[in-house]
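A.B. asks: After the structure tokens below, expect a handful of questions from me.
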Amino acid sequence: MLYFIEQSLNGVQLGMLLFLLAAGLTLIFGIMDLVNLAHGSLYMLGAYFAATFAALTDSFVLGAILAIVASLIAGMALEVIAIRPLYRRDHLGQVLGTFGLLLFFDELVRLVWGPAGMTLSLPDAMLSAVQILPGIYYPVYRLVIMAVTLAVAGLLYVIVMRTRLGMLIRAGASNREMVGALGVNITLLYTLVFGLGAALAGLAGLMQAPILTVQIGMGENILILAFLVIAIGGIGSIRGAFVAALLVGLVDTVGRAFVPDLLHTFLSEAAASSLGRSLSSMMIYLLMAVVLVARPEGLFPAAGR
Amino acid sequence: MTAALNPRAAVSAGVVAVLALIPLYAWLTGDVFALTLFTRVLILALAAVSLNLIMGYGGMISFGHAAYIGIGGYAVGILWREGFASGFVQWPVAVAVSALFALVVGALSLRTRGVYCLMITLAFAQMIYYVASGLDRYGGDDGLTIRSRSEFGGLVDLSDTTQFYYLCLALLVASIYLVWRLVNSRFGLAIQGARSNERRMRAIGFPTFRYKLACFVIAGALCGLAGVLLANHTNFISPAMMFWTRSGDLIVMAVLGGLGTSFGPLIGAVTYLLLEEALSRLTDYPGLFLGPALLLVAIYLHGGIAALLGARRDG
Amino acid sequence: MVEPLLEVESLTKRFGGVVASDAVTLDIPRGEFHAVIGPNGAGKSTLIALLAGEIAPQAGAIRFAGADVTDLSVDRRNRLGLARSFQITTLFRDFTALDNVALAVQAHSGHSFRFWRDARRDARLREPAEAVLARVGLAARGAVRVDRLSHGEQRQLEIALALATKPRMLLLDEPMAGMGPEESARMLALLSELKGALTVLLIEHDMETVFALADRITVLVYGRVIASGAPAAIKADAAVRQAYLGEGHE
């Protein structure tokens, strides 16, 4: 039972990270109609930036902040240089172009930081565990991740629902041409949105760095999950991304923790372990299949699309 | 459908001619690696042909095509491991299972549009990837070494690299020809019509779903054949060959060459793989150049390389 | 008494809070040339979409040639003999005019699971297609790609596609949309030829055409049928004048 709670919390925490990644991706897809395979690269860069700046400044927090700023700038620069010409291409052309960027960034990171990967250590304050429920201790850092993400989610909500920028974003998600016709500087809007997505991806990357990894190719693995999340949540919907990310995080983590054991109860040792691994990895895909059969446009499809 | 002498036909004929001469070159110079490299080019070109059929002519997206390569390859590997070394058993099984998988994926994904279709095909490929990773008996994550190639009695000896090369070339050319015939048949026009304007197709009385699904299955089967060849070529199969970035490679080849053209997939495969190879020899960081090259093609060459050679979409 | 070819009973369609079709009831006997008119936003295109099968009604039924087609798909209905043309040109743009019509012929020539023979050299498809092109006046333009045809020619091709499906009834959605006077005259001539040969439901804004061709007219306003009958009666109907004709706008 304790284990279940712990795993559920881990699932929520994974969901939070996925949300950061998916929020950017769904905004970019919803507003600019761009399939961006390089989104995982921005996630990777965030982690590398953080590790580098933290080492330079000897402070995790300072390194994190600098990394977010760097991700924002990198994202906007990328949009201006390489992404802008892709808007007028069809999705397959965008797949081709952003796939090229993915290859480029993997190699660039290898050039600048070497093939070995990096580590990012937590400050002592975050290394401990706190008692969140009687008898249950949970790592402080994981709670920090959840808190930061919730704060960011709240901030996103305020921006999207209460500011002019947010209004433009919502309008753009449901009717791109109209926003342009209103005389809004679409070009600038797109750059900002892309930059925002990059910053969110970078934040996700740097936050997971101390507990998971900082290495080349880390974006490729998580990008799939992010695409899954936006497919389940509904393209263009941040609310959908939040709900779907939590769902995916929970199903994946709890599934991996319990499915093998579940299978052990009625299958042989060997069969259970190999089937268990496969099945638990597949849980989230099955989740997506179920959701899309019931709701082909995802849980919260953006209106007018 | 004109078979006039245009730059595209000339280049394509030239490419096939050069490909036919590779074993001779390898034999003369002793450059065995060239033979290996070009065999791989042929096999992936076959996979690209199948992808071009559904994407270029059918307008259906598949971001999980590497799954069929994996299924074809694992069929060969698993059957070999269980004592069935005969190609007469392995190959039909591989193609049949690929077709069946395509049937399931197609049935679920073809009713969706755009990105959702992309997601579903991607998801199914990842599912197969995880299934393969869990097959401990067949190597799991590490993959399976297939010590002997498919046996065909006295017909052809696949372990002879030259014979194998020509078999791959023959299958590739045959596939290009068959796809060309298919695309211009009633079935092909129905598929192309569905790509051009599905709404109109239904309005004139076409039940488009069944034709799209059939096309999807044919492409899956053809790609399964490519997987069979690849497993034989490398004497190895592993889940990594089905990871989504491998599907990305195939899409790159198909788009690079020019979607909706007969020789686009071949040109795309040749270009992409040779470029990759050349860059890895020239620099320690090939991706730094390959990546931007793909980006530039995406931005400036809307019809792929075939467009450079004056191609318009067939039909 | 032979049943009407098309029977529409209490057809209702809502989009969110908007009632696009409000209990529309309509009967069209075989051979009749029936026009549907109404101001913009009256729900005319929605009606065609409902009849063609692109959208499903919330309530009501549609019977065609005696059979209930309310739940049938678009392509099934077309195979039963109900063909439509689109208000916004919906053609196969990267194909030639002849290819376009040949596809429609192909759709009604058995199944298309034929993988080998070149369909563009199949006389059984090409010849009927050429005949239809001639009928709409595009005989000379068969080899031209659709995106190179003039707007008027594309509108003619729209009709050709519907005709090539050997329909019993045509649903024509503003065939004259965007046409100049010369093109309109040609379209009018074509429509006159169709009159009597086929059952037609025509949506049009051009009142001259409507009153010249229609056997009966139905007037839709805000999704509701406010009048239905012979042209003379419609012209005289007070409600119609107030809602539509009298306002003097299209």
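If you read the protein sequences in the order shown, they are chains A, B and C.
To convert, note that position 95 of the first sequence is 122 in our numbering; the numbers rise steadily by one, no gaps.
To convert, note that position 124 of the second sequence is 236 in our numbering; the numbers rise steadily by one, no gaps.
To convert, note that position 247 of the third sequence is 512 in our numbering; the numbers rise steadily by one, no gaps.
Glycine is no exception: its CB is placed at the ideal position from the N, C-alpha and C atoms.
Please state whether DSSP places D253(B) in a helix, a strand or coil.
C.D. replies: The residue labelled residue 253(B) in the question sits at position 141 within the second sequence. The answer is helix: DSSP assigns D253(B) an H, G or I state.
A.B. asks: Could you give the uninterrupted runs of the alpha helix (DSSP H) lying entirely in the stretch 350–391 of chain C, keeping only those of 4 residues or more?
C.D. replies: Counting whole runs of 4 or more residues, the stretch 350–391 of chain C contains the alpha helix (DSSP H) stretches 362–372.
A.B. asks: Over the uninterrupted alpha helix (DSSP H) stretch that includes I110(A), give me the two end residues.
C.D. replies: Position 83 of the first sequence, counted from the start, is the residue given in the question as residue 110(A). No alpha helix (DSSP H) holds I110(A); DSSP gives it neither H nor E.
A.B. asks: Report the start-end ranges of each alpha helix (DSSP H) in the stretch 405–448 of chain C that is 4 residues or longer and not cut off at the edges.
C.D. replies: As far as the stretch 405–448 of chain C is concerned, its whole alpha helix (DSSP H) runs of at least 4 residues are 416–428.
A.B. asks: Of the residues R191(A), G232(A), S35(A), L227(A), which one's Cα is nearest the Cα of N212(A)?
C.D. replies: Along the first sequence, read from residue 1 onward, the residue named residue 212(A) stands at position 185. Among R191(A), G232(A), S35(A), L227(A), the Cα nearest to that of N212(A) is on R191(A).
A.B. asks: With a Cβ-Cβ cutoff of 8 Å, do L407(B) and V329(B) count as a contact?
C.D. replies: Reading the second sequence from its first residue, position 295 is the one you call residue 407(B). Reading the second sequence from its first residue, position 217 is the one you call residue 329(B). Not in contact: L407(B) and V329(B) (Cβ atoms no closer than 8 Å).
A.B. asks: So the beta strand (DSSP E) D287(C) belongs to, where does it begin and stop?
C.D. replies: Counting from one through the third sequence, the residue named residue 287(C) turns up at place 22. Its beta strand (DSSP E) spans residues 283–293.
A.B. asks: V339(C) touches chain B at which residues, Cβ-Cβ below 7 Å?
C.D. replies: Here residue 339(C) corresponds to residue number 74 of the third sequence, with the count starting at 1. Here the neighbours are R314, A315.
A.B. asks: Rounded to whole angstroms, how far is the Cβ of M59(A) from the Cβ of G222(A), which I believe are closer than 8 Å?
C.D. replies: Counted from its first residue, the first sequence places residue 59(A) at position 32. Counted from its first residue, the first sequence places residue 222(A) at position 195. Actually they are not in contact, since the Cβ atoms of M59(A) and G222(A) sit about 12 Å apart, beyond 8 Å.
A.B. asks: Could you tell me which uninterrupted beta strand (DSSP E) segments, each at least 3 residues in length, are contained entirely in the stretch 447–482 of chain C, listed from first to last along the chain?
C.D. replies: As far as the stretch 447–482 of chain C is concerned, its whole beta strand (DSSP E) runs of at least 3 residues are 464–468.
A.B. asks: Would A308(C) and R342(C) be called neighbours here (beta carbons separated by less than 8 Å)?
C.D. replies: Along the third sequence, one-based indexing puts residue 308(C) at 43. Along the third sequence, one-based indexing puts residue 342(C) at 77. The amino acid occupying residue 308(C) in the given sequence is Gly; Ala does not appear at that position. Against a cut-off of 8 Å, the Cβ pair of R342(C) and G308(C) comes out as no contact.
A.B. asks: Can you check which of these residues, A427(C), L403(C), F360(C), A285(C), is closest to N309(B) by C-alpha distance?
C.D. replies: Here residue 309(B) refers to the residue found at position 197 when the second sequence is read from its first residue. Of A427(C), L403(C), F360(C), A285(C), the residue nearest in Cα terms is F360(C).
A.B. asks: Is there a Cβ of chain B sitting closer than 8 Å to that of Q419(C), yes or no?
C.D. replies: Walking along the third sequence from the start, residue 419(C) turns up at place 154. No, no contact with chain B.
A.B. asks: Quick check: the Cα distance between I166(B) and G141(A), rounded to an integer number of angstroms?
C.D. replies: Translated into the one-based positions of the second sequence, residue 166(B) becomes position 54. Translated into the one-based positions of the first sequence, residue 141(A) becomes position 114. I166(B) and G141(A): Cα-Cα distance of roughly 40 Å.
A.B. asks: Strictly under 8 Å for the Cβ-Cβ distance: is R445(B) near chain C by that measure?
C.D. replies: Given that chain B is displayed from residue 113 to residue 427, the structure contains no residue 445(B) and the question cannot be resolved.
A.B. asks: Would you decide whether N365(C) is buried or exposed? Buried here means 16 or more other CB atoms lie within 10 Å of its CB.
C.D. replies: The residue labelled residue 365(C) in the question sits at position 100 within the third sequence. Buried is the call here.
A.B. asks: Apply the 10 Å Cβ neighbour rule to G369(B) and answer buried if 16 or more other Cβ atoms are within range, or exposed otherwise.
C.D. replies: Looking up residue 369(B) in the second sequence gives position 257. With 16 or more Cβ atoms within 10 Å of its Cβ, G369(B) is classed as buried.
A.B. asks: Just verifying my parser: in three-state terms, what is the DSSP assignment at H118(A)?
C.D. replies: For the purposes of this step, residue 118(A) is identified with residue 91 of the first sequence, where counting begins at 1. If DSSP states are grouped into helix, strand and coil, H118(A) belongs with the helices.
A.B. asks: Measuring straight from C-alpha to C-alpha, what distance separates A338(B) and A178(B)?
C.D. replies: Residue numbering aside, residue 338(B) sits at position 226 when the second sequence is read from its first letter. Residue numbering aside, residue 178(B) sits at position 66 when the second sequence is read from its first letter. C-alpha separation (whole angstroms): 10 Å.
A.B. asks: What number of angstroms, rounded off, separates the C-alpha of L467(C) from the C-alpha of L436(C)?
C.D. replies: Position 202 of the third sequence, counting from 1, holds the residue named residue 467(C). Position 171 of the third sequence, counting from 1, holds the residue named residue 436(C). Cα-Cα distance, rounded: 6 Å.
A.B. asks: Within 8 Å of any Cβ in chain A, is that where the Cβ of L407(B) sits?
C.D. replies: One-based indexing of the second sequence puts residue 407(B) at position 295. Closer than 8 Å to some Cβ of chain A, the Cβ of L407(B) qualifies, so yes.
A.B. asks: Following the continuous beta strand (DSSP E) through L271(C), name the residue where it begins and the one where it ends.
C.D. replies: By 1-based counting over the third sequence, the position of residue 271(C) is 6. Its beta strand (DSSP E) spans residues 271–280.
A.B. asks: Within 10 angstroms of its Cβ, does V187(A) collect 16 or more other Cβ (buried), or is it exposed?
C.D. replies: Position 160 of the first sequence holds residue 187(A). It is buried - the Cβ of V187(A) has at least 16 other Cβ atoms within 10 Å.
A.B. asks: Rounding to the nearest angstrom, what Cα-Cα distance links S449(C) and S415(C) in this structure?
C.D. replies: Counted from its first residue, the third sequence places residue 449(C) at position 184. Counted from its first residue, the third sequence places residue 415(C) at position 150. Computed Cα separation, rounded: 13 Å.
A.B. asks: Given a cut-off of 8 Å on the beta-carbon distance, is the pair G267(A) and G260(A) in contact?
C.D. replies: Taking the first sequence and counting its residues from 1, one reaches residue 267(A) at position 240. Taking the first sequence and counting its residues from 1, one reaches residue 260(A) at position 233. Yes.
A.B. asks: Reducing DSSP to helix, strand and coil, say where Y165(A) ends up.
C.D. replies: Here residue 165(A) corresponds to residue number 138 of the first sequence, with the count starting at 1. If DSSP states are grouped into helix, strand and coil, Y165(A) belongs with the strands.
A.B. asks: Determine the contact status of M434(C) and M441(C), defining contact as a CB-CB distance below 8 Å.
C.D. replies: Position 169 of the third sequence, counting from 1, holds the residue named residue 434(C). Position 176 of the third sequence, counting from 1, holds the residue named residue 441(C). No.
A.B. asks: What's the C-alpha gap between R332(A) and K324(B)?
C.D. replies: As a first step, residue 332(A) must be located in the first sequence, where it is residue number 305. As a first step, residue 324(B) must be located in the second sequence, where it is residue number 212. Residue placement at R332(A) cannot be trusted, given a pLDDT of 33 that sits under 50; what the coordinates show is reported in the next sentence. Looking at the two C-alpha atoms, the distance is approximately 24 Å.
A.B. asks: Taking just the CA atoms, how far does R322(B) sit from I262(A)?
C.D. replies: Taking the first sequence and counting its residues from 1, the one referred to as residue 262(A) is at position 235. Taking the second sequence and counting its residues from 1, the one referred to as residue 322(B) is at position 210. Whole-angstrom Cα-Cα distance: 28 Å.
A.B. asks: Could you please give the first and the last residue of the uninterrupted alpha helix (DSSP H) stretch that includes A50(A)?
C.D. replies: One-based indexing of the first sequence puts residue 50(A) at position 23. Start and end: 29–59.
A.B. asks: Below 7 Å on C-beta distance, what does F589(C) contact in chain B?
C.D. replies: There is no way to answer for residue 589(C), as the model of chain C reaches only from 266 to 515.
A.B. asks: So with CB distances below 8 Å, who are the chain B contacts of A317(C)?
C.D. replies: Here residue 317(C) refers to the residue found at position 52 of the third sequence. Neighbours of A317(C) on chain B, chain order: A315.
A.B. asks: Please name the residue in I311(A), F285(A), G244(A), S148(A) whose C-alpha comes closest to that of I238(A).
C.D. replies: Taking the first residue of the first sequence as position 1, residue 238(A) is located at position 211. The shortest Cα separation from I238(A) among I311(A), F285(A), G244(A), S148(A) belongs to S148(A).
A.B. asks: Within the stretch 214–248 of chain B, note down every full alpha helix (DSSP H) run reaching 4 residues or more, in order along the chain.
C.D. replies: Runs of the alpha helix (DSSP H) inside the stretch 214–248 of chain B: 226–245.
A.B. asks: I need the straight-line Cα distance from E33(A) to L72(A), nearest angstrom please.
C.D. replies: As a working mapping, residue 33(A) is identified with position 6 in the first sequence. As a working mapping, residue 72(A) is identified with position 45 in the first sequence. Going by the C-alpha atoms only, they are around 30 Å apart.
A.B. asks: Between P294(C) and the rest of its own chain, which residues show a CB-CB distance below 7 Å, the 5 nearest in sequence each way excluded?
C.D. replies: In the third sequence, counting from the first residue as 1, residue 294(C) sits at position 29. The answer, listed in chain order, is P269, L270.
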